[in-house]
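Have a look at the structure below before the remarks.
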DNA sequence: GTGCCTTTGTGAAGGCATGCACAAAGTCGG
DNA sequence: CCGACTTTGTGCATGCCTTCACAAAGGCAC
């Protein structure tokens, strides 16, 4: 039943490379829209905002898909990167917590754009349940486990208040989910084998403030 | 303009460390709320989800604020990290683009919580102008430069559609802003001396999809 | 004051990522 | 068919980050 035998190179893709592949993919899609047939590593790197040697090394982890003297075929590279990232299949995503952020995420076009389909919206507040957002009806958190299993949800976005995040996390893991995108400002503790990615708006601002302060200190006086 | 030369004043705090300081700060605030007077590197590291040696090395970049045999004074360490991050002063933040995401950001409590004050909301759509969000009135994008200067805005959050982001970026930089938090799915090009941090929701999902796919492939069937 | 116990701060080693520089490989005009 | 040119793929050196392991430092009991 194995659809694809994992090659040695599959296991070896560095995290830093994986994190950049979506960037390349976006740049490639821009080129494809303009009808560009091929692109050099130099040009693609510029479009993605990285060093061209880094881009070539990143792509070399996927295979040897370039043509020396010419560059990379845009459509073919889009396909290869999409396949590597798993975007050729359909991913069912559930969003837990439909406050301001959850609603914004549900309406965010970038989610649906490639392979990601929002399969459920949940909230603990009975006032929210039944609301229609982005074409879906908000369901009560009690339905979480049954909906995850019924609709084959494999990725869960947590957009709840901090206090509820760990509990939601535990429940979705118990229901079989192993990929979580966490917007709540807490460190989630999860067992091995579960991937958590965190987006923390206030941390980003604090990092900016540090550099801003340093600029001010260095210039003045 | 040399940004990476360690000096006596600039203690050369590594970027990786800076990125974790807000994490420690959050963990410390949790401890402070529970009245904990001191904490060991072991416990604080566990609360922040990092290795304890890493935490000690991170904190050692700020100075020698621990007491051997005891640990760190929670309140004192909160103060020192806050000061280092520049959170003891008030930062005026403007949000450009009040679509779903911009509105959610404006209402997000985490922004205001520490030193960050939303000083302006902007949109290009005349329909939006005049709306009141989170206690502020949405202003037209034409006012951008004058408001930035008048209210001393030093950090700008870009939450516009992709197509408008670079133009907004250029304008705020021309108005003197050197710190930008970008939510638009584009690579912003900026001159030296300007810091851009990027939050990209769809990229995070794609990274999760990659790992999720690999987990599925790896299972022996 | 003394000795034991805890915990910090850091030297050193190992691993990973980055970017340079170039040989190999392929295209294209004639 | 050939030679000049372009661009990839990668060996290598460098530097940053992480982690281990431990000596030094301080508190505490008596």
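Protein chains in written order, with the numbering used here: chain A, 12 to 232; chain B, 12 to 232. Every residue gets a Cβ at the ideal spot worked out from N, C-alpha and C, and that includes glycine.
To which residues does DSSP link residue 128/B through a beta bridge? 103/B
Using CA coordinates, which residue listed in 55/A, 126/A, 130/A and 201/A is at the minimum distance from residue 148/A? 130/A
So, does the CB of residue 166/B fall closer than 8 Å to a CB anywhere in chain A? yes
Quick one: Cα of residue 194/B to Cα of residue 141/A, how far? 29 Å
Closest Cβ-Cβ distance between residue 87/A and chain B: below 8 Å? no
Under a three-way DSSP split, which group does residue 208/B fall into? strand
Report the residues of the stretch 88-101 of chain A with a CB closer than 8 Å to any CB of chain B, ordered along the chain. 95, 96, 97, 98 and 100
Could you check whether the Cβ of residue 71/B sits closer than 8 Å to any Cβ belonging to chain A? no
Between the alpha carbons of residue 183/A and residue 204/A, how many angstroms are there, rounded? 14 Å
Rank 85/B, 176/B, 96/B and 212/B by C-alpha distance to the C-alpha of residue 39/B and give the top, closest one. 85/B
Nearest to residue 207/B by CA position, among 201/A, 206/A and 217/A, is which residue? 217/A
Please return the same chain residues whose Cβ sits closer than 7 Å to the Cβ of residue 61/B, not counting the five positions on each side in sequence. 31
Taking 7 Å as the cut-off, does the CB of residue 104/B come closer than this to any heavy atom belonging to the ligand ATP? With respect to the ligand ATP, the structure shown offers nothing to examine, as it has no ligands at all.
Quick check on the burial criterion: 16 or more other C-beta atoms within 10 angstroms. Buried or exposed for residue 28/A? buried
Against chain A, does residue 65/B count as a neighbour if the rule is that its beta carbon must be under 8 Å from one of theirs? no
Beta-bridge pairing of residue 151/A - partner residues as DSSP gives them: 134/A
Other residues of its chain near residue 58/A: CB distance less than 6 Å, five sequence neighbours each side excluded: 38
Which same chain residues, not among the five before or five after residue 34/A, have their C-beta less than 8 Å away from its C-beta? 59, 60 and 61
Residue 110/A versus residue 199/A: straight-line alpha-carbon distance, rounded: 20 Å
Which ranges does the beta strand (DSSP E) cover as unbroken runs of at least 3 residues, wholly within the stretch 23-91 of chain B, from first to last along the chain? 82-84
Beta-carbon proximity list for residue 77/A, same chain, < 6 Å, skipping 5 on both sides: 83
Could you pull the start and end residues of the beta strand (DSSP E) that residue 192/A belongs to? 190-193
Less than 8 Å separating the beta-carbons of residue 189/A and residue 223/B? yes
Which residues in chain A sit within 7 Å of residue 190/B, going by Cβ to Cβ distance? 219, 222 and 223
How long is the line joining the alpha carbons of residue 234/B and residue 96/B, rounded to whole angstroms? Residue 234/B lies beyond the residue range present for chain B, which begins at 12 and ends at 232; the question has no answer from this structure.
Cβ neighbours of residue 159/A in the same chain (closer than 8 Å, five flanking residues each side left out): 105, 131, 167, 183, 186, 187 and 188
With DSSP as the reference, label residue 162/A as helix, strand or coil. coil
Looking only at its chain, what residues have a beta carbon closer than 8 Å to the beta carbon of residue 177/A, apart from the 5 residues adjacent to it on each side? 197, 199 and 200
Since residue 51/B meets chain A, which of its residues come closer than 8 Å, beta carbon to beta carbon? The premise fails here: residue 51/B is roughly 17 Å from chain A at the closest Cβ pair, so nothing lies under 8 Å.
If you count every other CB in all the chains shown that lies within 10 Å of the CB of residue 44/B, and 16 or more means buried, which is it? exposed
Residue 140/B, DSSP secondary structure in three states: coil
Nearest-angstrom Cα separation, counted from residue 46/A out to residue 73/A: 24 Å
Is there at least one Cβ from chain A nearer than 8 Å to residue 35/B's Cβ? no
For a contact defined as C-beta to C-beta under 7 Å, what are the partners of residue 121/A on chain B? 196, 212 and 213
What did DSSP end up calling residue 201/A once you bin it into helix, strand or coil? coil
Segment limits, alpha helix (DSSP H) that includes residue 115/B: 111-118
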